[in-house]
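Protein chains in written order, with the UniProt record's numbering: chain B, 1 to 205; chain C, 1 to 205.
What follows is the structure in structure tokens.
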């Protein structure tokens with residue numbers, strides 16, 4: 001695809017993502033996206049055959065960015081510390097740093113937006129979201145397994161439950177932050193999740 | 001309103017709530033609700049002037065139940081223990097017991113469903129949701145203030161941040177539970193939140 005095509009495609013997707021997070025996918029019409037993006041119908045349909053193609057492309061791009069983000073921060077954390085618990089705490093710390101800089105509430109997670117309209121979304125797309133949640137769970141569980149070889153948790157937990165608590169915190173904090181219009185809420189809640197890991201494994205010694 | 005009217009009104013609302021949590025409010029049409037509820041147009045419009053009246057009524061009923069639930073469980077916890085930390089742990093424990101019994105994922109929180117379509121919902125309704133989140137925060141902060149007079153947190157936190165972590169856990173766990181189709185995820189995540197409070201205040205002594 002020529003460079004101009006990619007720019008236009010991304011522009012359409014940016015407008016659509018904003019609209020989906022604001023009025024939901026069922027409230028987003030191709031006509032409105034076309035008007036807001038300032039493109040012709042021909043251009044739109046050159047890039048996306050249907051609204052559902054667009055919905056799938058939005059999740060594909062979001063999942064790619066999410067996965068890239070995960071690997072990027074984990075690589076940084078692994079460079080900054082040898083100890084797996086410290087790596088996890090740094091990993092969360094990098095997300096805290098990022099979300100601390102938000103001046104408006106994070107507009108929301110596409111996974112959550114779609115899950116609250118799953119009846120209007122294809123099974124393939126919902127499976128992709130489920131796959132991404134399993135990606136987070138599996139990657140973090142793998143790291144927590146290494147943590148458990150060095151530290152004994154203070155209370156009975158499984159890797160999966162602790163791993164899920166980070167994603168739970170992200171998803172929940174995005175909802176609260178949107179409703180209460182408090183941009184700092186996301187970083188504050190990630191701090192609670194990091195506190196939990198520190199206390200659970202008594203990282204303080 | 002006669003008894004039959006209340007039954008019909010609740011039936012319409014049950015159908016609508018299910019639809020809103022499945023396809024979003026923008027995907028829910030009055031016509032579809034009428035067909036699914038098996039009522040006439042006249043009956044529907046006798047109870048609700050517009051779809052937005054229905055949307056507001058759904059939140060009002062949900063908020064009432066939520067608030068009632070909160071007070072009911074807190075009253076039980078306060079009867080079962082004198083210590084404010086134990087009261088909080090029992091309070092969360094009652095929600096753990098309740099969510100442990102789920103055989104299907106919790107269909108979702110109306111606050112979250114609405115917040116992901118807030119652009120299509122009246123400001124009054126969104127303010128009501130914000131008010132409910134402040135209710136949770138204020139009530140729990142009040143209890144945490146009493147906890148802080150007896151226990152010193154192991155890490156620097158504010159009442160608000162710790163209070164918000166319970167609501168964050170509920171909201172996040174409902175999203176993960178829906179996406180991953182795991183009914184037990186909600187109770188497991190509430191256990192992590194209770195673990196956090198136990199460790200933060202070293203409830204074990």
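Each residue gets a CB set at the ideal place from its N, CA and C atoms; glycine is no exception.
- Message: At the 8 Å Cβ level, is residue 120(B) part of the contact set with chain C, yes or no?
- Response: yes
Does residue 83(B) get closer than 8 Å to chain C when you measure Cβ to Cβ?
-> no
- Task: Take the Cβ of residue 35(B) as the centre, count every other Cβ of all protein chains shown within 10 Å, and call the residue buried at 16 or more, exposed below.
- Result: exposed
Going along chain B in order, which residues have a C-beta closer than 7 Å to the C-beta of residue 133(C)? Neighbours of residue 133(C) on chain B, chain order: 176, 179 and 180.
**Asked** Between residue 59(B) and residue 129(B), which are expected to be in contact by the criterion C-beta below 8 Å, what is the C-beta distance as a whole number of angstroms?
**Response** 6 Å
Spatial neighbours of residue 1(B) in its chain, beta-carbon cut-off 8 Å, leaving aside the 5 residues before and after: Because the pLDDT at residue 1(B) is just 49, under 50, the model does not fix this residue reliably, and the value given afterwards should be weighed accordingly. So the qualifying residues of the chain are 9.
Requested in this report: State the start and end residues of the unbroken alpha helix (DSSP H) segment that holds residue 111(B).
Outcome: From DSSP, the alpha helix (DSSP H) with residue 111(B) extends over 110-115.
* Simplified DSSP state of residue 93(B), which is helix, strand or coil -> helix
Check your understanding: Name the chain C residues that come within less than 8 Å of residue 172(B), Cβ to Cβ?
Key -> When 8 Å is used as the limit between beta carbons, residue 172(B) is near these residues of chain C: 167, 168, 169, 170, 171, 172, 173 and 175, in chain order.
Return no unless some Cβ of chain C is closer than 8 Å to the Cβ of residue 200(B). yes
With a cut-off of 8 Å, does the C-beta of residue 155(B) fall near any C-beta of chain C?
yes
### Test: residue 196(B) CB closer than 8 Å to a CB of chain C
yes
Tell me whether the stretch 84-96 of chain B and the stretch 77-95 of chain C touch, counting them as touching only if at least three CB pairs, one residue from each stretch, are closer than 8 Å.
no
Straight-line Cα distance separating residue 182(B) from residue 193(C)
Counting only the Cα atoms, residue 182(B) lies some 21 Å from residue 193(C).
| request: Step through the CB atoms of chain C and report whether any lies within less than 8 Å of the CB of residue 113(B). | output: yes
Less than 6 Å between C-beta atoms, sequence neighbours within five positions excluded: which residues of the same chain meet that for residue 95(C)? So the qualifying residues of the chain are 190.
Going along chain C in order, which residues have a C-beta closer than 9 Å to the C-beta of residue 27(B)?
-> Residues of chain C passing the Cβ test: 24, 25, 26, 27, 117, 119 and 120.
Exercise. Candidates 115(B), 20(B) and 174(B): which alpha carbon is nearest residue 177(C)'s?
Worked result: Measuring from the Cα of residue 177(C), the nearest candidate turns out to be 115(B).
inquiry  = If the criterion is Cβ atoms closer than 8 Å, does the pair residue 168(C) and residue 169(B) meet it?
reply    = With respect to the 8 Å criterion, residue 168(C) and residue 169(B) are classified as neighbours on the basis of their beta carbons.
(message) Considering only their Cβ atoms, is the gap separating residue 67(C) from residue 231(C) smaller than 8 Å?
(response) Outside the modelled stretch of chain C, which goes from 1 to 205, sits residue 231(C), for which no answer is possible.
Can the beta-carbon of residue 113(C) be found less than 8 Å from the beta-carbon of residue 20(C)? yes
Look at residue 51(C) and residue 23(C) and say whether their C-beta atoms are less than 8 Å apart.
-> no
- Task: Put residue 131(B) into one of helix, strand or coil per three-state DSSP.
- Result: Reduced to three states, the DSSP call for residue 131(B) is helix.
Practice task
For the alpha helix (DSSP H) holding residue 189(C), just list the boundary residues, first then last.
Solution key: 185-200
Nearest-angstrom Cα separation, counted from residue 62(B) out to residue 151(B): Cα-Cα distance, rounded: 35 Å.
Q) By the 10 Å Cβ neighbour count, where 16 or more other Cβ atoms means buried, how is residue 42(B) classified, buried or exposed? A) Exposed.
Q: Indicate whether residue 200(B) and residue 164(C) have their beta-carbon atoms separated by less than 8 Å.
A: no
- Query: residue 151(B) by DSSP, collapsed to three states: which one?
  - Reply: Coil at residue 151(B), not helix or strand.
8 Å is my cut-off, CB to CB: does residue 1(B) come that close to chain C? With a pLDDT of 49 at residue 1(B), under the threshold of 50, the modelled position of this residue cannot be trusted, and the question is left open.
Which whole-angstrom value describes the C-beta separation of residue 27(C) and residue 117(B), a residue pair presumed to lie in contact below a C-beta threshold of 8 Å? 6 Å
Counting only beta-carbon atoms, is residue 164(C) nearer than 8 Å to chain B? yes
Helix, strand or coil for residue 70(C), going by three-state DSSP, please let me know.
helix
Next on the checklist: Between which residues of its own chain and residue 195(C) is the CB-CB distance below 6 Å, once the five residues before and five after are set aside?
Outcome noted: Nothing meets the Cβ criterion.
*What does a CB cutoff of less than 7 Å around residue 171(B) pick up in its chain, not counting 5 residues either side in sequence?*
109 and 112
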